[in-house]
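Residue numbers (my numbering), protein chains in the order written: chain G, -8 to 336; chain S, -8 to 336.
Shown next, in structure tokens, is the structure this report addresses.
Protein chains: 2
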Amino acid sequence: MSEKRIEISQLGEFGLIDRIKSRFTLQQPTSLKGIGDDCAVLDIDAENCMVVTTDMLVEGIHFDLSYIPVQHLGYKAVAVNVSDVAAMNAKPEQITVSIALSNRFSVEAVDALYEGIKAACDNYKIDLVGGDTTTSMSGLVISITAIGRAPKSKVAYRNGAKPNDIICVTGDLGAAFMGLQVLAREKEVYMADPNMQPSLDAYEYIVGRQLKAEARTDIVFDLEEAGLVPTSMIDVSDGLASELFHIASQSNVGVRIYEDKVPIDHETFETAVEFKLDPITCALNGGEDYELLFTISKEDQEKISKHPDIHMIGYMHERKNENVMITKQGNTVRLQAQGWDHFRS
Amino acid sequence: MSEKRIEISQLGEFGLIDRIKSRFTLQQPTSLKGIGDDCAVLDIDAENCMVVTTDMLVEGIHFDLSYIPVQHLGYKAVAVNVSDVAAMNAKPEQITVSIALSNRFSVEAVDALYEGIKAACDNYKIDLVGGDTTTSMSGLVISITAIGRAPKSKVAYRNGAKPNDIICVTGDLGAAFMGLQVLAREKEVYMADPNMQPSLDAYEYIVGRQLKAEARTDIVFDLEEAGLVPTSMIDVSDGLASELFHIASQSNVGVRIYEDKVPIDHETFETAVEFKLDPITCALNGGEDYELLFTISKEDQEKISKHPDIHMIGYMHERKNENVMITKQGNTVRLQAQGWDHFRS
């Protein structure tokens, strides 16, 4: 008896999401936006809407407790959801936190996890309003839902980019990825000889970027102050290239970025070289940066041209599927989206 | 070196939730109600609010895929969250669904899971608006967040019951618990002799109550039509006794119910007797009924006295901590809350 069976790895995460999405249609008038952006968008009244996002972090897949202290994990689990709220140009207000954990975890470990969650709530000025706690058969699972609010006129979707819009990205890229490489190397050294002390001093910035993710809610306030609404926006969780592809395909435009404009911290750059990795590849495909990637109309350029942490890295053009980078040598290369895909690893 | 370590089982689930709750205070003006009810309540405008609830179901803890077909599981995972929305006297509108699953699951299994989720969405007229999909190291984890809406004046909290309020419960109790006992017995029979066909015909109702949970959203509409707002409400997920304790302690009142008024289906009753279990104990402590338990003012009694599926089982009194049941023989016995506690099993 032959049983036809499709493996999830054949579809990949995005394929699976598309498959699910295709079977559901929206029927509630309050559902303004469903699956397919950083957040769902729900109607409140004539002017305002609510945004909702959810993320599940699984031990052994998304985090390794031998790298990340459990309070940092709590903080990061909140930050990645707040980042999705910021990516809609909305302000976060509430979260719910559900955890499943095995009897390997003590009450002290749970306390440390919620200390991290509380530090994030305090920093982002949000409230923990609910959740669920349960046992698991093995590792730790954290599922967080974040809720935010925005005037409808300010919500930035992935599909609003227009030809000639300028592509902006905040902060710097590739650091969290390089921080993870350093942590992995130090773990190997430690496993081989437990007397060796890990030497992380030279990598403080990039390891910090991996262990203590921050959401760029500050940018949402800065854009408001500048009187600027991005034409599209997304947060950089899977890597710059992958996020550029999301905006390009949903907006029906093409991307042109310049290698020399992509912001890379010198520590990221030097560590990449030390690891014999190409720094720009780390910046394009590293992931876990939680910076904001957005597009603005050319007319708005002046409004943020002096912002010290917003970098203009290229522009959109009308040739769909032509997503390219101009290298430092002046060559035009096609961008490849090689974001994280947990189903394909 | 002695390390002090508190086991989570020492606290239990409610102890752990209290511990978490005590460390968080609400700071957003839109957070009307945080941890401690069936849903959190968020402000929308002068008249309306949103309610939010979340639940995490873990394979091997909350469900056994050798009992429950995966599409039923999808349906049930939605229904239990919708039930929490109904327990606030609110109407559900949206859900997000996050799943973690191992490579043991095929795309066909995921399809079946989402077929169940879709059937529930269609039945409760709600939209799937977001979620997350990821791999897990072992079993299936489903985390659902449900969002509903209600006029502020109609939201029913757990803490609003007053002395002399009448205690009402919908449907019948203990059936899902007895259904689970039947399924467990049939599994044992099957494990001993795989040629034995399970004989579930005589247990159709109770097995159905276990495998196909339904949220009582119909009651929210019926109460609206009757022009009645319960003084307090909760859904029966952990067992009638446990839920009565929640309302009593949060409302600072005592409970007095009558054994002969507690609704038990004849199939539940007969199966309990067959299993040498006390039917009223199954009804009080069984759990997973997903009926609504609520209190109403005496003046409102007439408004629902003819409702075929609402049963008045007792009343509240002012002697806090005196939660009793009058048996069929006229004896007064103290109620014991022995709800499900996954951390103590």
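Note that the Cβ used here is the ideal one computed from N, Cα and C, for glycine as well.
CA-to-CA distance, residue j to residue i, given in whole angstroms
i, j, result
"A217/G", "N80/G", "13 angstroms"
"K12/S", "G27/S", "8 angstroms"
"P221/G", "L17/G", "26 angstroms"
"F54/G", "V69/S", "28 angstroms"
"G277/G", "L268/G", "11 angstroms"
"I59/G", "L202/G", "6 angstroms"
"M307/G", "I287/G", "10 angstroms"
"V73/G", "D113/G", "12 angstroms"
"R207/S", "E282/S", "6 angstroms"
"G3/G", "F236/G", "16 angstroms"
"S336/S", "T272/S", "Caution is warranted here: a pLDDT of 37 is assigned to S336/S, below 50, making its placement in the model unreliable, and the coordinate value is therefore given only provisionally. Roughly 18 angstroms separates the two Cα atoms."
"V32/G", "S144/S", "25 angstroms"
"T161/G", "Q292/G", "15 angstroms"
"F5/S", "P270/S", "26 angstroms"
"D46/S", "E279/S", "13 angstroms"
"G230/G", "V315/S", "60 angstroms"
"M128/G", "V71/G", "25 angstroms"
"E313/G", "H302/G", "22 angstroms"
"K67/G", "F96/S", "29 angstroms"
"E179/S", "L48/G", "35 angstroms"
"K146/G", "I8/S", "Correcting the residue type first, residue 146/G is Val in the shown sequence and not Lys. Their Cα atoms are separated by approximately 35 angstroms."
"G51/S", "I133/G", "17 angstroms"
"R200/G", "L104/G", "18 angstroms"
"C40/S", "T21/S", "9 angstroms"
"L275/G", "A193/G", "23 angstroms"
"K153/G", "S57/S", "52 angstroms"
"G321/S", "Y115/S", "42 angstroms"
"E215/S", "V244/G", "50 angstroms"
"I255/G", "L164/G", "5 angstroms"
"E106/S", "K311/S", "46 angstroms"
"L326/G", "C30/S", "45 angstroms"
"V246/S", "G25/G", "44 angstroms"
"K354/S", "L219/S", "Any property of residue 354/S remains undetermined from this structure, which presents chain S solely from -8 to 336."
"Q1/G", "L23/G", "31 angstroms"
"E309/S", "A239/S", "10 angstroms"
"V211/G", "G65/G", "23 angstroms"
"A78/G", "D213/G", "13 angstroms"
Which residues DSSP lists as bridging residue i, in chain order
i, result
"M47/S", "S134/S"
"K82/S", "R140/S"
"A31/S", "V43/S"
"A91/S", "T125/S and V132/S"
"T161/S", "I301/S"
"V324/G", "M316/G"
"I26/G", "D28/G"
"S343/G", "Residue 343/G is absent from the structure shown; chain G starts at -8 and stops at 336."
"F212/G", "Beta-bridge pairing links F212/G to no other residue."
"F54/S", "E50/S"
"L119/G", "I86/G"
query: Taking contact to mean at least 3 C-beta pairs separated by less than 8 angstroms, is the segment 170 to 180 of chain G in contact with the segment 123 to 143 of chain G?
result: no
Against chain G: residues of the segment 33 to 58 of chain S by CB proximity under 9 angstroms: L33, I35, D36, N39, M41, V43, T44, T45, D46, M47, L48, V49, E50, G51, I52 and H53
message: Assess contact between the segment 294 to 304 of chain G and the segment 182 to 200 of chain G, defined as three or more Cβ pairs (one per stretch) separated by less than 8 angstroms. Is contact present?
response: no
field: Residues of the segment 118 to 151 of chain G whose Cβ lies closer than 8 angstroms to any Cβ of chain S, in chain order
entry: D118, L119, V120, G121, G122, D123, T124, T125, T126, S127, M128, S129, G130, V132, S134, T136, I138 and R140
- prompt: Which parts of the segment 219 to 270 of chain S are runs of the beta strand (DSSP E), unbroken and 3 residues or longer, counting only runs that do not cross its ends?
  reply: 223 to 227 and 245 to 249
field: Sufficient close CB pairs (3 or more, under 8 angstroms) joining the segment 83 to 101 of chain G to the segment 129 to 144 of chain G
entry: yes
query: Taking Cβ-Cβ distances below 7 angstroms as the criterion, which residues of the segment 1 to 15 of chain G are in contact with chain S?
result: L2, E4, L7, I8, I11, R14 and F15
message: Pairs of beta-carbons, one from the segment 26 to 44 of chain S and one from the segment 92 to 112 of chain S, closer than 8 angstroms: are there three or more?
response: no
task: List in chain order: all unbroken alpha helix (DSSP H) runs of 4+ residues lying wholly within the segment 260 to 319 of chain G.
output: 270 to 276 and 292 to 295
query: Can we say the segment 148 to 157 of chain S touches the segment 249 to 259 of chain S, given the rule of at least three CB pairs closer than 8 angstroms?
result: no
- request: Return the residues of the segment 102 to 113 of chain S that lie within a Cβ-Cβ distance of less than 9 angstroms from chain G, sorted by chain order.
  value: D102, Y105, E106, I108, K109, C112 and D113
Near-chain G residues of the segment 213 to 227 of chain S (beta-carbon distance less than 8 angstroms), N- to C-terminal order: none
task: Name, going along the chain, the residues of the segment 236 to 269 of chain S whose beta-carbon falls closer than 9 angstroms to a beta-carbon of chain G.
output: none
- prompt: Residues in the segment 183 to 208 of chain G with C-beta within 9 angstroms of chain S's C-beta atoms, listed in sequence order?
  reply: none
query: Which full runs of the alpha helix (DSSP H) of 4+ residues lie inside the segment 177 to 204 of chain G, going along the chain?
result: 195 to 202
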